Structures are given as structure tokens and as C-alpha cells.
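Under this note's numbering, the first residue of the sequence shown is numbered 27, with each subsequent residue one higher. Worksheet: one structure, shown below.
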Amino acid sequence: REHGGTVFHMAGDGLMAALQALSVFAAIGVGMALPYLAASAIPAVARALPRPGPWMVTFKQLMAFPMFATVAWLVWVLGQQSGVDGAGALLALLVLMALAIWALTLRGTARTLLAAFSIALCALGLWSIGPNITRPAAVASAAPAAGGWQAWEPGRVDQLAAQGQSVFVDFTAAWCVTCQYNKKTTLSHPDVLADVQSKNVALLRADWTRRDPAVTAALAQLGRNGVPVYVIYKPGRAPV
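Right, dumping it as C-alpha cells:
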């Protein structure tokens, strides 16, 4: 009965997680559809919309800059995973790709020569520096980081709890914007760190940027399948 109850509980958690994920995407879909539904149902809304014109070209070009910003952010994420060599390799390949795209917009003999040359450069770049993108960065030192944070590892929480110490774990990832915002503000705020230190709470940071299986298992034990997750462990008590 105990084993069956555990399986049922795990299945229930999985179903709830799936329903939550589907609800998020359903809400996004409804939100994106609402303007079209409103314009179709209410003629006044359609009349209030701006008419097609040259402004659309300007708007289209303006919207490229949020895309550029996204690329910059993703290069930073890659730098967290593969180090400066990986980020530099990606930037170099993006330059080569831009060269190839530009060459394809030319006409005549210049298009043929430059396109062939730039595509060859792209192939050479992929062969020579491409592997740097997927190569993991060097493992950082296990010494405590700024603010007293230490790297999480399996069994570390139990070890500290056995010593009678409370533990706060930050499950985070470089690609998680919310995680990074909280990390740069609340979790590094001097008042918060001073309060934690006064209560002798150990600070551990579990990095899920590369979907570490051990971190995944720890999240699953907490009934979570995403980040950020913040957990307080106290000796003899269930995690909160």
C-alpha cells in the first residue's frame, strides 16, 4: 500500500505539473488572440487600429533591436556554460554568417565569388572554432563565493543539517531571467546576507544551467521541475 501510494502521489504531481504548463501556454494563446477577437467583434476597435503605411517598415526594423538584445543575452548565457572561448566562438560565427547573408544579397559576379568565399569561411569556422561552443567551461573553485554562497552538491545539505545548521538553497540557472534578477537584487542584498549570517544559515547555490541530473533529482524530490526554487532546510524538519 505504501509503494502504491507513493506511485499515485508521484503520478499526481506529474499530472499537476503538466496541467500547470498547459495552462501557461493556453493563457498565452488566449492573450495573443484577444486583440483579433476584439477587432472582429467590435468594429470601433478595428477602426481605431493604425492604417497600413510606411510606419510599418520602421516598426519592423525597430523590432530587430529586441532580437539583437536577445542574442546578446543568450551569448552571455553561453558564456556561463562554455566560458569566454565559447562565447567568442559564437560571436565570430555570427559575424561570418552575417557576411554570408550579405554576400547573397549582391548581384552578378560579386555575388557568386563573395558568397562562395563567405560560405567557405563559415564552414572553416564551424570546423575550427565551433567545438568551443559546446565545450564546458572550466569548473570554478569550490571556495565560497561573494556573500558566503557555496556550490551545492549531493549530500551537502544532509551534511550541514547533521551539524545542526540550517541551509538555504538557491536552485538557479543562467538562462533563467527571474533567477538572475533575484540573484542580483534580493539574494545579494547586504541586509539579507547579514540577517542570514546572524542566524548561521548556510547558503548553497544549485546551478541547473546544464540540466545537471543531480540537481534535477533534487528538484523532483521537492515536487518541482523548473527554476527558480528557493528552499530552507532545518534539522529535523521538512524542507520549506
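Just so it is clear, CB atoms sit at the ideal spot from N, CA and C, and this is done for glycine as well. Just so it is clear, the structure is predicted and the values come from calculations on it, not from any experiment.
By alpha-carbon positions, which one of 57, 127 and 152 ends up nearest to residue 140?
127
Under the assumption that residue 240 contacts residue 180 (Cβ atoms under 8 Å), give the Cβ distance between them as a whole number of angstroms.
Separation of the CB atoms of residue 240 and residue 180 is rounded to 5 Å, and the pair is thereby assigned contact status at 8 Å.
Can you grab the Cα-Cα spacing for the pair residue 259 / residue 193, in whole Å?
Straight through space, the alpha carbons of residue 193 and residue 259 are spaced by roughly 5 Å.
Which residues does DSSP list as the beta-bridge partners of residue 258?
Paired residue(s): 194.
Which residue marks the beginning of the alpha helix (DSSP H) containing residue 175, and which one marks its end?
Note, residue 175: premise wrong, no alpha helix (DSSP H); beta strand (DSSP E) at 175-177.
Please report the distance separating the alpha-carbon of residue 59 from that of residue 53.
One C-alpha to the other measures close to 10 Å.
Run through the stretch 27-96 for me and flag every whole alpha helix (DSSP H) of 4 or more residues, listed as ranges in chain order.
Scanning the stretch 27-96 from its first residue to its last, the whole alpha helix (DSSP H) runs of 4-plus residues come out as 28-67, 69-74 and 81-88.
Tell whether a beta-carbon distance below 8 Å holds between residue 176 and residue 248.
no
Could you tell me whether the stretch 211-222 touches the stretch 80-94, using the rule of 3 or more Cβ pairs below 8 Å?
no
Where DSSP assigns a beta bridge to residue 228, which residues make up the other side?
193
Check whether the stretch 194-207 and the stretch 100-119 are in contact - that is, three or more C-beta pairs closer than 8 Å.
yes
In this structure, does DSSP put residue 217 in helix, strand or coil?
helix
Please tell me whether residue 181 has its Cβ less than 8 Å away from any Cβ of chain B.
The structure shown has no chain B; it contains just one protein chain.
If residue 112 sits next to residue 159, beta carbons under 8 Å apart, how far is it from one beta carbon to the other, in whole angstroms?
5 Å
Let's test the definition: count the other Cβ atoms within 10 Å of the Cβ of residue 167 and tell me whether it reaches 16, buried, or not, exposed.
Residue placement at residue 167 is poorly supported in this model, since its pLDDT is 48, which falls under 50; the coordinates still yield a value, given next. Exposed is the call here.
Beta-carbon within less than 7 Å of residue 65's beta-carbon, same chain only, minus the 5 sequence neighbours each way: which residues are those?
71, 72 and 75
Under the DSSP definition of a beta bridge, which residues are partnered with residue 233?
198
Suppose you measure from the CA of residue 205 to the CA of residue 138; what does that come to, to the nearest Å?
One C-alpha to the other measures close to 47 Å.
Out of 136, 152 and 145, point me to the one whose CA is closest to residue 117's CA.
152
Taking the C-alpha atoms as reference points, what is the distance between residue 46 and residue 243?
20 Å
Span of the alpha helix (DSSP H) holding residue 149?
Where residue 149 is concerned, the enclosing alpha helix (DSSP H) stretches over 134-154.
In whole angstroms, give me the CA-to-CA distance for residue 57 and residue 48.
14 Å
When the Cα of residue 157 is compared with those of 237, 147, 119 and 189, which residue comes out closest?
Check the Cα spacing between residue 157 and each of 237, 147, 119 and 189: the tightest is with 119.
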